[in-house]
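Under our numbering, the residues of the sequence shown are numbered 3 to 616, in order.
Here a beta-carbon is modelled for each residue, glycine too, at the ideal position from N, C-alpha and C.
All remarks here apply to the structure that follows.
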Amino acid sequence: MIPMGSQGMPMTIDHAMEIVPELREAYEREKDTKEIINLAKKLEGSVRHISVHAAGVVIAPRPIYEYMPTQLDPKGGKIITQYDMYSAEDAGLLKFDFLGIRNLAILADAVRLVKKFYGVDIDISRIPLDDKKTFELLARGQTEGLFQLNGAGMTRYLKELKPTSIHDINAMVALYRPGPMETIPEYIKRKHNPRLVKYMDPRMKKFLAESYGLIVYQDDLLFCAIELAGYSWEEADKFRKAVGKKIPKEMAAQYQKFTQGIIQNGQTPEFAEKLWKLFEPFQAYGFNKAHAASYGKVAYQTAYMKAHYPVEYMAAILTAESGDVDKVAQIIDECKNMGIPVLPPDINESYGGFSCLPKNRENPISKSNKSDKIRFGFYTIKNLGTDISDAIIEERKQSGKFKSITGFLDCIKHKNLNKKSMASLIKSGAMDEWGDRGVLLANMEAMLEYNHENGKQNGAQTSLWGGATNVQAPEFRLQPGTDATQAEKLAWEKELLGLYISGHPLERLRDKLEKRTVNIKKIKEDKENNWGNGMPVTIGGIIDTARTVITKGNERMAFLKISDLTDAIEAVAFPRVFQESMDILASGKCIAFTGKVSNRNGEKSIIIEAVKEI
3 MIPMGSQGMP MTIDHAMEIV PELREAYERE KDTKEIINLA KKLEGSVRHI
53 SVHAAGVVIA PRPIYEYMPT QLDPKGGKII TQYDMYSAED AGLLKFDFLG
103 IRNLAILADA VRLVKKFYGV DIDISRIPLD DKKTFELLAR GQTEGLFQLN
153 GAGMTRYLKE LKPTSIHDIN AMVALYRPGP METIPEYIKR KHNPRLVKYM
203 DPRMKKFLAE SYGLIVYQDD LLFCAIELAG YSWEEADKFR KAVGKKIPKE
253 MAAQYQKFTQ GIIQNGQTPE FAEKLWKLFE PFQAYGFNKA HAASYGKVAY
303 QTAYMKAHYP VEYMAAILTA ESGDVDKVAQ IIDECKNMGI PVLPPDINES
353 YGGFSCLPKN RENPISKSNK SDKIRFGFYT IKNLGTDISD AIIEERKQSG
403 KFKSITGFLD CIKHKNLNKK SMASLIKSGA MDEWGDRGVL LANMEAMLEY
453 NHENGKQNGA QTSLWGGATN VQAPEFRLQP GTDATQAEKL AWEKELLGLY
503 ISGHPLERLR DKLEKRTVNI KKIKEDKENN WGNGMPVTIG GIIDTARTVI
553 TKGNERMAFL KISDLTDAIE AVAFPRVFQE SMDILASGKC IAFTGKVSNR
603 NGEKSIIIEA VKEI
């Protein structure tokens with residue numbers, strides 16, 4: 003009965019009692035409920051456990067223990083403060099947040115690829131900040147893989163905004179947070195229609211002109227206090243802390259001081275009240291301008307690289323995200339939308355991570371032979387392992403591409419070339435140039451025996467005088483076998499790569515699905531509320547995962563992840579539906595189902611009501 007709080011605004015028992023009538027009534031009428039809530043209120047706010055701030059570092063002019071108590075981190079053994087971040091600041095010390103951003107490594111990798119292929123040195127910190135191609139990419143909504151600018155909501159706003167300056171990006175980074183987000187539609191309107199720009203007070207123009215007269219950053223609150231209420235900078239900093247900490251007593255004192263200052267500086271109490279209400283969203287979450295500008299610049303840099311070097315940038319992202327199958331699938335979908343094919347692993351072209359391929363495969367990538375495709379890397383193949391992957395790559399570097407399966411078996415003498423790794427290479431499609439996957443699997447034991455025996459023979463072939471002899475091993479010949487079906491190939495790709503590469507099990511049903519069902523992407527990105535909470539829907543898809551649980555009533559039900567040709571969504575089959583359809587509610591099954599949309603905290607899922615196999 004106690005709802006979740008929002009980011010920066012944790013829920014309290016007292017607040018829950020105010021907004022949930024059922025909770026308040028239970029407290030007033032039920033003895034046990036009252037006793038439990040009273041006990042909970044005594045515990046509320048107590049220290050539950052010791053944790054370490056993800057990025058906080060306290061800096062002091064002398065050893066830290068001279069200013070506050072310290073202890074060892076129970077998990078890592080490092081020295082940490084016993085004060086929390088607020089107490090550390092109250093003690094007069096500086097607390098900095100040093101945030102590690104993985105996107106910086108992605109940018110560095112993309113820049114490295116551009117240098118390697120084209121000989122172009124990109125100083126990412128000095129790229130032009132008014133690049134037309136970059137802003138056009140954002141206006142089209144091609145935001146997948148960008149720092150801070152991706153996701154359905156942000157993408158929709160960027161398409162409406164059509165940013166034309168780095169200031170627009172900074173503002174979106176700051177505003178797309180719980181609280182300030184409600185300002186975004188007005189920001190977009192004012193950008194496209196300057197006649198709508200107005201200021202509550204002419205003095206606000208000098209610090210709000212850049213944001214079309216709207217309060218966007220924490221800094222804007224401080225300037226309002228200084229310019230309109232007569233605060234000093236020191237007083238404004240205390241005001242900032244009061245707003246940020248959301249301590250009622252401090253907020254009440256600041257409200258009185260702010261209102262008096264506004265009146266003394268020529269405005270009315272009504273003006274003060276109206277302006278104070280504009281500050282309320284920043285109590286939930288607000289960015290200071292420096293933070294927004296730092297994030298905004300990195301966001302712009304990622305957009306710039308994607309706009310100018312799309313293949314290299316997307317390959318860098320895929321390598322960085324290679325441990326997250328769902329994220330890789332999203333990035334590959336974006337590559338398809340951009341016209342960049344992502345090819346399965348290849349014994350002669352794959353490296354560790356994802357790699358770029360040129361238009362003309364006979365020649366290396368260059369300014370006249372730019373990259374236009376991406377190849378899966380060996381490290382992404384399940385059960386292959388980095389040691390054997392590195393051995394294959396190193397052998398290619400030393401001797402060139404493997405001309406045949408015999409050449410591969412002759413050259414790779416590694417203990418980790420075994421049934422598991424060989425099966426992974428075959429099933430993932432890495433050895434397709436030498437034969438069908440089904441035929442190769444049928445010959446796998448013979449291939450490994452050839453590799454093993456040939457290795458022993460080569461080691462033993464020495465002449466009477468101690469020198470190596472030039473004995474040519476017999477060529478390995480594949481024996482006839484049964485070709486793998488398309489369904490088998492797709493199942494293997496899903497198993498070993500985490501997603502389908504050479505096709506999709508639903509491709510054969512594409513026309514029917516488009517006519518009779520709603521695609522998952524439309525449901526998840528629905529902004530007209532056609533598929534809102536409780537709305538009926540029909541979907542066709544494949545079950546990616548199925549998890550069965552036992553209810554309190556000792557009945558079975560299932561939680562499913564279902565994907566179609568556009569996206570994936572969570573679904574639940576309650577006991578009645580599960581009992582009727584348990585045989586088809588299994589991983590790998592293609593199904594069509596009807597149900598109702600459930601929207602909880604902005605995350606959509608489906609409650610299945612009827613299902614059939616397709």
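Item	Value
Report yes if the C-beta distance between L214 and P196 is below 9 Å; otherwise report no.	The residue asked about is misnamed: residue 214 is Tyr in this sequence, not Leu. Yes, they are a contact pair.
Spatial neighbours of I190 within its chain, please: C-beta separation below 6 Å, excluding the five flanking residues on both sides.	E162, L163
Thinking C-alpha only, which one of T540, K329, I383, D374 is nearest I349?	I383
Straight-line CA distance for L25 to I4?	8 Å
Would F281 and V245 be called neighbours here (beta carbons separated by less than 9 Å)?	yes
Kindly indicate which residue of P476, G431, L411, R363 has the alpha-carbon position closest to the one of E447.	L411
Which residue from D133, I52, L140, F378 puts its Cα closest to that of E495?	F378
Going by C-alpha distance, which of S600, T321, I545 is nearest I586?	I545
Can you tell me the Cβ-Cβ gap for D566 and G590, rounded? I've got them flagged as a contact below 8 Å.	About 14 Å separates the two Cβ atoms, so there is no contact after all.
Alpha carbon to alpha carbon, what distance is there between K563 and N418?	34 Å
DSSP three-state call for E605: helix, strand or coil?	strand
In chain order, what residues of the same chain lie with their CB nearer than 7 Å to the CB of N371, ignoring the 5 residues before and after it?	P360, K361, N362, N365
Leaving out five residues on either side along the sequence, give the residues of the same chain with a beta carbon under 7 Å from the beta carbon of G58.	M87, K97, D99
Once you ignore the five residues that flank I103 on each side, which residues in its own chain have a CB closer than 8 Å to its CB?	F149, V300
Okay, do the stretch 14-23 and the stretch 39-58 touch, 3+ Cβ pairs below 8 Å being the bar?	yes
According to DSSP, is D111 helix, strand or coil?	helix
If the criterion is Cβ atoms closer than 9 Å, does the pair G437 and L480 meet it?	yes
Just mark W2 as buried or exposed, buried being the case when its beta carbon has 16 or more other beta carbons within 10 Å.	This structure cannot settle anything about residue 2, because the visible part of the chain is limited to 3 through 616.
Can at least three beta-carbon pairs, one atom from the stretch 306-325 and one from the stretch 255-274, be found at a separation below 8 Å?	no
Please determine, among E336, D133, I395, S504, the residue with the shortest C-alpha to C-alpha distance to S352.	I395
On a Cα-Cα basis, can you pick out the residue from G355, R242, L320, K329 that is closest to I342?	L320
Specify the secondary structure class of E30 as computed by DSSP and reduced to three states.	helix
Can you tell me which of the three DSSP states Q630 falls into?	Nothing can be reported for residue 630, as the shown portion of the chain is limited to 3 through 616.
Quick check on P65: buried or exposed, where buried means 16 or more other Cβ atoms within 10 Å of its Cβ?	exposed
Give the list of continuous alpha helix (DSSP H) stretches no shorter than 4 residues that lie fully inside the stretch 536-561.	none
Quick one: using the 10 Å Cβ neighbour count with 16 as the cut-off for buried, is E20 buried or exposed?	exposed
So which of E572, A594, K598, F561 has the shortest CA-CA distance to F580?	F561
Which same chain residues end up closer than 7 Å to M253 when comparing Cβ atoms and leaving out the 5 residues on each side of it in sequence?	A244
Please classify Y67: is it buried, with 16 or more other beta-carbons within 10 angstroms of its beta-carbon, or exposed?	exposed
Check whether the Cβ atoms of W533 and V599 lie closer than 9 Å to each other.	yes
So L511 packs on I616, CB below 8 Å; how close in whole Å?	6 Å
Do you know whose CA, among P182, M449, G298, E455, lies nearest F478's CA?	M449
In or out: E165 buried (at least 16 other Cβ within 10 Å) or exposed?	The question names Glu, but residue 165 in the sequence shown is Pro. Result: buried.
In whole angstroms, what is the alpha-carbon distance linking V623 and A570?	Here the chain covers residues 3 to 616 and nothing more, so residue 623 does not appear.
In three-state terms, what does DSSP make of S589?	coil
Where E275 and G78 are concerned, what is the direct C-alpha to C-alpha distance, given to the nearest angstrom?	49 Å
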